[in-house]
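Comments concern the structure below.
Residue numbers (our numbering), protein chains in the order written: chain A, 5 to 151; chain B, 6 to 150.
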């Protein structure tokens with residue numbers, strides 16, 4: 005048994021530490037996402053000097069589609085990721101559940117650069133029939149970071 | 006008359022021992038123990054156990070990741086090589102190596118002669134969605150039908 009007085013100090017300390025760790029963790033995720041977005045911004049500027057920042061509206065249009073020309077059966081990102089990005093998705097072809105894309109619902113989204121690139125490399129040709137531009141990738145993440 | 010009883014008892018024992026041997030060997034396969042396989046193969050569908058296909062079928066699949074049944078499932082070459090080694094190293098000894106799809110393997114077709122309604126039930130979506138009906142499929146246990 006921990007004496008009462010000690011517990012009065014210990015409990016708030018532990019609680020503070022836990023909250024602190026949570027904040028630091030979330031900050032780490034935010035920083036990782038910002039770094040990925042910065043990378044796409046630099047790339048977008050190189051691809052088109054007229055690039056003037058990412059747009060959540062354009063990201064939303066990309067997400068919801070519908071698009072033509074994809075090599076898969078899905079004609080929108082929303083076909084697998086669901087029209088409501090805060091909801092759990094379902095792979096249109098296999099039925100496999102997919103965790104929500106909205107950062108508010110799934111804070112680990114867009115924090116692993118290699119994973120994000122791998123999925124854009126696959127999902128854009130499957131839906132659009134071509135690769136996504138750096139601007140489109142940034143728009144997409146910007147839209148979902150605000151959802 | 007103890008003699009016929011003994012024969013019957015012995016016969017029953019032989020039968021009991023024979024029944025599990027007759028069961029489909031694909032109803033119980035070793036679960037996936039390789040983390041890259043679990044992660045990469047498990048994004049779009051369940052990470053199927055290596056024991057569900059012979060090595061030749063796994064090689065067919067790993068040779069064609071850019072066109073994985075109509076979609077790109079491209080992986081970095083080192084990751085793909087690692088996963089291929091795990092799948093082929095733990096593959097089934099039975100099965101038709103000329104067929105890449107699990108759902109075309111003769112044993113699979115034999116075990117899934119179901120009413121058409123079974124496939125259109127909500128949540129099933131596809132024949133590769135093992136877990137929709139076999140709740141313990143991720144653990145490699147498919148005996149629950």
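The beta carbon of each residue, even a glycine, is placed where N, CA and C say it ideally should be.
With a threshold of 16 other CB atoms inside 10 Å of the CB of residue 75 of chain B, please say whether the residue is buried or exposed.
Here residue 75 of chain B is exposed, its C-beta having fewer than 16 other C-beta atoms within 10 Å.
Roughly how many angstroms lie between the CA atoms of residue 137 of chain A and residue 70 of chain A, to the nearest whole one?
18 Å
Could you tell me the boundaries of the alpha helix (DSSP H) in which residue 114 of chain B lies?
111 to 116
Along the region 80 to 99 of chain A, what residues have a CB closer than 9 Å to any CB found in chain B?
84, 94, 95, 96, 97, 98 and 99
Please classify residue 20 of chain B: does DSSP put it in a helix, a strand, or coil?
With a pLDDT of 49 at residue 20 of chain B, under the threshold of 50, the predicted position of this residue should be treated as unreliable, and no value is reported.
According to DSSP, is residue 54 of chain B part of a helix, a strand, or is it coil?
DSSP, reduced to helix, strand and coil, places residue 54 of chain B outside both helices and strands of the structure shown, so it counts as coil.
Among residues of its own chain, excluding the 5 on either side of residue 131 of chain A, which ones have a beta-carbon nearer than 8 Å to its beta-carbon?
69, 71, 74, 76, 78, 79, 80, 81 and 83
Of all the CB atoms in chain E, is at least one closer than 9 Å to the CB of residue 49 of chain B?
Of the chains in the structure shown, none is chain E; the protein chains are A and B.
With DSSP as the reference, identify every bridge partner of residue 94 of chain A, one or two as the case may be.
A:101
Beta-carbon proximity list for residue 144 of chain A, same chain, < 6 Å, skipping 5 on both sides
63 and 66
Using a Cβ-based criterion (distance less than 8 Å to any ligand heavy atom), does residue 151 of chain A qualify as near the ligand GTP?
Among the components of this structure there are no ligands whatsoever, and the ligand GTP is therefore not found.
Nearest-angstrom Cα distance between residue 129 of chain B and residue 56 of chain A?
44 Å
With three or more beta-carbon pairs closer than 8 Å as the criterion, would you say the region 89 to 101 of chain B touches the region 43 to 58 of chain B?
Contact between the region 89 to 101 of chain B and the region 43 to 58 of chain B is present: 3 or more CB-CB pairs across the two stretches fall below 8 Å.
Under a Cβ-count criterion, where at least 16 other Cβ atoms within 10 Å of its own Cβ denotes burial, should residue 53 of chain A be classed as buried or exposed?
Flag for residue 53 of chain A reads exposed.
Shortest alpha-carbon distance to residue 88 of chain A belongs to which of A:103, A:39, A:97 and A:99?
Sorting A:103, A:39, A:97 and A:99 by C-alpha distance to the C-alpha of residue 88 of chain A places A:103 at the top.
Residue 97 of chain A versus residue 134 of chain B - alpha carbon distance
9 Å
Skipping 5 residues on each side, what residues in its chain have a beta carbon closer than 7 Å to that of residue 36 of chain A?
115
Does the beta-carbon of residue 26 of chain B have 16 or more other beta-carbons within 10 angstroms, so that it is buried, or is it exposed?
The predicted position of residue 26 of chain B is uncertain, since its pLDDT is 47 and thus under 50; no value can be drawn from it.
Residue 59 of chain B in three-state terms, based on DSSP:
strand
Judging by CA-CA distance, which residue of A:111, A:129, A:133 and A:141 is the nearest neighbour of residue 151 of chain A?
Considering only alpha carbons, the answer is A:111.
So who's on the other strand from residue 146 of chain B, going by DSSP bridges?
B:33
Are any of the Cβ atoms in chain B nearer than 9 Å to that of residue 141 of chain A?
The beta carbon of residue 141 of chain A sits no closer than 9 Å to any beta carbon of chain B.
Residues that residue 150 of chain A contacts on chain B, provided the C-beta gap is smaller than 8 Å
Chain B residues near residue 150 of chain A: none, gap ~24 Å exceeds 8 Å.
Apply the 10 Å Cβ neighbour rule to residue 37 of chain B and answer buried if 16 or more other Cβ atoms are within range, or exposed otherwise.
Per the 10 Å Cβ criterion, buried.
Euclidean distance between Cα positions of residue 64 of chain B and residue 137 of chain B:
27 Å
Is it buried or exposed, residue 82 of chain B, if we count other Cβ atoms within 10 angstroms and call 16 or more buried?
exposed
Checking 9 Å against the spacing of the C-beta atoms, do residue 156 of chain B and residue 66 of chain B come in under that value?
The shown model of chain B, from 6 to 150, leaves out residue 156 of chain B, and the question about it has no answer.
So, is the C-beta of residue 112 of chain A closer than 9 Å to a C-beta in chain B?
Not one chain B Cβ lies under 9 Å of residue 112 of chain A.
Would you decide whether residue 142 of chain B is buried or exposed? Buried here means 16 or more other CB atoms lie within 10 Å of its CB.
buried
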